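In the numbering used here, the protein residues as written are 88 to 620. The structure appears below as structure tokens.
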């Protein structure tokens with residue numbers, strides 16, 4: 088459907104599994120998950136978390152893997168074309184634009200945050216961020232917070248005024264790496280990178296985890312702040328917390344962030360699979376890999392280390408200050424308490440975060456690139472140029488309007504949170520109800536090495552959509568009113584919403600032009616015919 092210089096395809100099944108797992112394993116695993124778990128009762132959070140994983144995350148993931156591979160067999164690689172096929176026409180084709188808008192708009196700020204990780208890594212390699220190990224904890228936290236605010240430009244608009252030139256340089260390096268990898272293609276760029284980045288991440292995580300688990304009781308004055316109690320906080324549930332709807336809502340939301348479902352990435356990545364590649368086992372393996380990094384590494388490292396050095400109250404207080412407060416201001420205090428080895432652990436930690444972020448961010452650029460190629464009939468160079476142009480505008484706005492993180496957090500609220508629920512609902516309805524659960528079930532098992540348990544057919548058709556709807560209604564009830572008011576009251580938020588709408592308009596125009604091209608070429612964009620096997 089586009090002028091590909093060469094057919095794009097994953098080299099190995101392991102490659103696509105690592106790529107999808109890499110798209111899911113990101114900053115949310117190491118920063119957001121520990122924060123959500125700590126704020127929602129520790130062990131109590133894990134019960135609704137695993138319920139959401141089994142009833143929402145994995146079923147939607149299987150649907151996305153199946154839809155992507157099916158679309159790829161018809162020569163389609165973007166959410167608008169693939170959802171148009173599964174939804175039976177133009178309405179779902181235009182709704183599929185959300186599957187391009189989400190990763191594209193999120194990339195505007197995600198790459199900037201990714202640059203923070205690279206910058207922090209550099210500072211720890213060259214001596215740290217200026218946190219005095221001998222100072223009281225309050226002073227250490229203030230020092231870490233001051234560095235964070237200056238480095239990220241939170242104190243004033245403009246990365247070169249509120250932040251620093253080095254922040255911009257780290258962003259330029261990060262953005263360049265992302266575009267270079269995506270331009271090289273699925274196999275030569277993305278697959279080659281994740282094939283070493285994912286194992287490297289695991290090694291880094293293991294090193295930090297071993298150090299954390301051997302901390303013992305570092306402060307004799309607080310004997311209760313030890314590793315065993317830190318682990319107990321995460322795994323011993325307080326069942327009273329389960330009566331709080333917010334715990335269930337937070338758990339479901341974390342699954343979306345965690346697995347990249349409803350994000351528009353899996354459906355694109357799976358479209359480059361070979362026609363008989365297994366999607367059932369691949370989807371399950373990618374999910375399991377993500378959970379290893381999130382629960383096994385992210386939770387055990389961040390929560391345990393924070394508990395040991397800061398205690399329950401200070402840890403929860405840090406979480407209430409925001410997800411990134413835990414990673415960029417609290418953990419540097421923890422590293423300062425580790426003595427001479429602290430800078431080494433800090434460097435390994437932030438290098439791991441950088442790798443996690445970049446395996447996610449490249450997955451955000453690829454869906455847009457594929458869409459521009461399909462819709463406009465352009466080659467990879469032209470499509471990459473358009474992608475770079477849009478991202479430069481979006482990223483510069485995010486960096487310039489950096490005060491308080493208001494601009495980028497607004498994009499995160501509306502695109503990285505609200506629209507993810509919307510796209511997930513659209514996809515599961517298209518797969519289970521319009522395309523049909525029987526046809527979808529058969530397609531999922533085409534070339535499968537294992538079978539999905541039969542009761543999941545009922546779950547995917549009834550339980551998953553209902554679960555999604557209930558969570559979405561509860562989410563809107565709790566947040567929508569305050570979000571709308573904040574947009575009305577804050578010009579920076581209005582500008583962020585304007586950027587989202589402008590980006591969406593570009594995608595709508597591209598879809599309109601693409602639809603005319605596809606119909607003129609006689610392509611089956613409404614899904615009236617099965618692909619040739």
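All C-beta atoms, glycine included, are put in the ideal place defined by N, C-alpha and C. Bear in mind the structure is a predicted one, so any value in this text is a computation, not a measurement.
(request) Quick one: grab the DSSP three-state call for residue 39. (result) There is no way to answer for residue 39, as the model of the chain reaches only from 88 to 620.
(request) Note the first and the last residue of the continuous alpha helix (DSSP H) segment covering residue 243. (result) The count along the chain shown starts at 1 and reaches residue 243 at position 156. Looking at the DSSP string, residue 243 is not in any alpha helix (DSSP H), and its letter there is neither H nor E.
(request) Would you list, in sequence order, the uninterrupted alpha helix (DSSP H) runs of no fewer than 4 residues that lie entirely inside the stretch 196 to 241? (result) Counting whole runs of 4 or more residues, the stretch 196 to 241 contains the alpha helix (DSSP H) stretches 224 to 239.
(message) As a quick exercise: from 508, 544, 512 and 255, pick the residue whose alpha carbon is nearest that of residue 523.
(response) Stepping through the chain shown from its first residue, residue 523 is reached at position 436. Ranking 508, 544, 512 and 255 by Cα distance to residue 523 puts 544 first.
(message) Less than 9 Å between the C-beta atoms of residue 281 and residue 102, yes or no?
(response) Here residue 281 refers to the residue found at position 194 of the chain shown. Here residue 102 refers to the residue found at position 15 of the chain shown. Taking 9 Å as the cut-off, the beta carbon of residue 281 is found closer than this to the beta carbon of residue 102.
(message) Tell me the DSSP secondary structure of residue 466 in three-state form.
(response) Translated into positions along the chain shown, residue 466 becomes position 379. Under the three-state reduction of DSSP output, residue 466 falls in the coil class, being neither helix nor strand.
(request) Kindly indicate which three-state DSSP category residue 312 falls into: helix, strand or coil? (result) On the chain shown, residue 312 is found 225 positions in, with the first residue counted as 1. Looking at residue 312 - three-state DSSP - the assignment turns out to be coil, as it is neither helix nor strand.
(request) Ignore the nearest five residues each way along the sequence and tell me which others in residue 319's own chain have a CB closer than 7 Å to its CB. (result) As a first step, residue 319 is located in the chain shown; it is residue number 232 there, counting from the start. Once the five neighbours on either side are set aside, residue 319 has no close Cβ partner at all.
(request) Report the three-state DSSP secondary structure of residue 621 (helix, strand or coil). (result) What is shown of the chain runs 88 to 620, which leaves residue 621 out entirely.
(message) Suppose the cutoff is 7 Å on Cβ atoms and the five residues either side in sequence are ignored; what does the same chain contact list for residue 474 look like?
(response) Translated into positions along the chain shown, residue 474 becomes position 387. Result list for residue 474: 452, 455, 456 and 459, in chain order.
(message) Once DSSP output is grouped into helix, strand and coil, what is the label at residue 279?
(response) The sequence position of residue 279 within the chain shown is 192, counting from 1. In this structure, residue 279 counts as helix in the three-state DSSP scheme.
(request) Report the rounded CA-to-CA distance for residue 510 versus residue 243, giving the unit in angstroms. (result) Taking the chain shown and counting its residues from 1, one reaches residue 510 at position 423. Taking the chain shown and counting its residues from 1, one reaches residue 243 at position 156. Residue 243 has its alpha-carbon roughly 34 Å from the corresponding atom of residue 510.
(request) Label residue 204 either buried or exposed according to how many other C-beta atoms from any shown protein chain fall within 10 Å of its C-beta, with 16 as the threshold for buried. (result) Here the question's residue 204 lines up with position 117 in the chain shown. Residue 204 should be labelled buried.
(message) Assuming residue 169 and residue 148 are in contact, meaning their beta carbons sit under 8 Å apart, how far apart are those beta carbons, in whole angstroms?
(response) For the purposes of this step, residue 169 is taken as the residue at position 82 of the chain shown. For the purposes of this step, residue 148 is taken as the residue at position 61 of the chain shown. Contact check for residue 169 and residue 148: beta-carbon distance about 15 Å, past the 8 Å limit, so the pair fails to qualify.
(request) Could you check the C-alpha separation between residue 396 and residue 487 for me, to the nearest Å? (result) Along the chain shown, read from residue 1 onward, the residue named residue 396 stands at position 309. Along the chain shown, read from residue 1 onward, the residue named residue 487 stands at position 400. Those two C-alpha atoms are separated by around 36 Å.
(request) Return the chain-ordered ranges of every alpha helix (DSSP H) run that is complete within the stretch 118 to 169 and spans a minimum of 4 residues. (result) For the stretch 118 to 169, whole alpha helix (DSSP H) runs of length 4 or above, ordered along the chain, are 120 to 126, 130 to 139 and 145 to 160.
(message) For residue 399, which residues in the same chain have their Cβ closer than 8 Å to its Cβ, ignoring the five residues on either side in sequence?
(response) Start at 1 with the first residue of the chain shown, and residue 399 comes out as number 312. So the list reads 320, once near-sequence residues are dropped.
(request) Work out the CA separation of residue 338 and residue 267 for me, nearest whole Å. (result) Translated into positions along the chain shown, residue 267 becomes position 180. Translated into positions along the chain shown, residue 338 becomes position 251. Their backbone Cα atoms lie some 35 Å apart in a straight line.
(request) Ignore the nearest five residues each way along the sequence and tell me which others in residue 98's own chain have a CB closer than 8 Å to its CB. (result) Counted from its first residue, the chain shown places residue 98 at position 11. Cβ neighbours of residue 98 beyond the five flanking positions: 274 and 278.
(message) Given a cut-off of 9 Å on the beta-carbon distance, is the pair residue 478 and residue 114 in contact?
(response) Position 391 of the chain shown holds residue 478. Position 27 of the chain shown holds residue 114. Contact: no.
(message) If I measure Cβ to Cβ from residue 127 and keep anything under 6 Å in the same chain, skipping five residues before and after, which residues do I get?
(response) Along the chain shown, read from residue 1 onward, the residue named residue 127 stands at position 40. Taking residue 127 as the centre and dropping the five residues before and after it, the same chain places the C-beta of 334 and 337 closer than 6 Å to its C-beta, in chain order.
(message) DSSP three-state label for residue 301, please.
(response) On the chain shown, position 214 is the one that residue 301 refers to. Correct three-state label for residue 301: coil.
(request) Please confirm whether residue 215 and residue 429 have their CB atoms less than 9 Å apart. (result) Counting from one through the chain shown, the residue named residue 215 turns up at place 128. Counting from one through the chain shown, the residue named residue 429 turns up at place 342. In contact: residue 215 and residue 429 (Cβ atoms closer than 9 Å).
(request) Tell whether a beta-carbon distance below 9 Å holds between residue 145 and residue 450. (result) The sequence position of residue 145 within the chain shown is 58, counting from 1. The sequence position of residue 450 within the chain shown is 363, counting from 1. Cβ distance not < 9 Å, so residue 145 and residue 450 don't count as in contact.
(request) Kindly list the residues whose CB is nearer than 7 Å to the CB of residue 550, restricted to its own chain and excluding five residues on each side of it in sequence; keep chain order. (result) Locating residue 550 in the chain shown gives position 463, counting from the first residue. Non-local beta-carbon contacts of residue 550 in its own chain, meaning distances under 7 Å to residues more than five positions away in sequence, involve 142 in chain order.
(request) With DSSP as the reference, label residue 350 as helix, strand or coil. (result) Numbered from its first residue, the chain shown carries residue 350 at position 263. The answer is coil: DSSP assigns residue 350 none of H, G, I, E or B.
(request) For residue 95, name the three-state secondary structure that DSSP assigns. (result) Against the chain shown, residue 95 aligns to sequence position 8. In the structure shown, residue 95 adopts coil according to DSSP, grouped into three states.
(message) Do residue 211 and residue 388 count as a contact pair if the criterion is CB distance below 9 Å?
(response) For the purposes of this step, residue 388 is identified with residue 301 of the chain shown, where counting begins at 1. For the purposes of this step, residue 211 is identified with residue 124 of the chain shown, where counting begins at 1. No; because the gap between Cβ atoms is not below 9 Å, this pair is not in contact.
(message) Output needed for residue 390: all residues of its chain with C-beta closer than 8 Å, excluding positions within five of it in sequence on either side, in chain order.
(response) By one-based count along the chain shown, residue 390 stands at place 303. The residues are 121, 124, 125, 129, 317, 320, 321 and 402.
(request) Could you spell out the range, first to last residue, of the alpha helix (DSSP H) harbouring residue 371? (result) Position 284 of the chain shown holds residue 371. Unbroken alpha helix (DSSP H) run through residue 371: 367 to 378.
(message) Considering Cα atoms alone, identify which of 572, 563 and 518 is closest to residue 547.
(response) Within the chain shown, residue 547 is the residue found at index 460, counting from 1. Looking from the CA of residue 547, the closest CA among 572, 563 and 518 belongs to 518.
(message) For a test of your reading of the model: does the CB of residue 235 fall under 8 Å from any non-hydrogen atom of the ligand FMN? Yes or no.
(response) Although the ligand FMN was asked about, the structure shown includes no ligands whatsoever.
(message) Quick check: what's the CA-CA separation for residue 598 versus residue 385?
(response) Along the chain shown, read from residue 1 onward, the residue named residue 598 stands at position 511. Along the chain shown, read from residue 1 onward, the residue named residue 385 stands at position 298. One Cα belongs to residue 598, the other to residue 385, and the distance between them is close to 39 Å.
(message) Tell me the DSSP secondary structure of residue 306 in three-state form.
(response) Indexing the chain shown from 1 puts residue 306 at position 219. Looking at residue 306 - three-state DSSP - the assignment turns out to be coil, as it is neither helix nor strand.
(message) Using only the alpha-carbon positions, how far apart do residue 464 and residue 139 sit?
(response) Taking the chain shown and counting its residues from 1, one reaches residue 464 at position 377. Taking the chain shown and counting its residues from 1, one reaches residue 139 at position 52. The straight-line gap from Cα to Cα measures roughly 40 Å.
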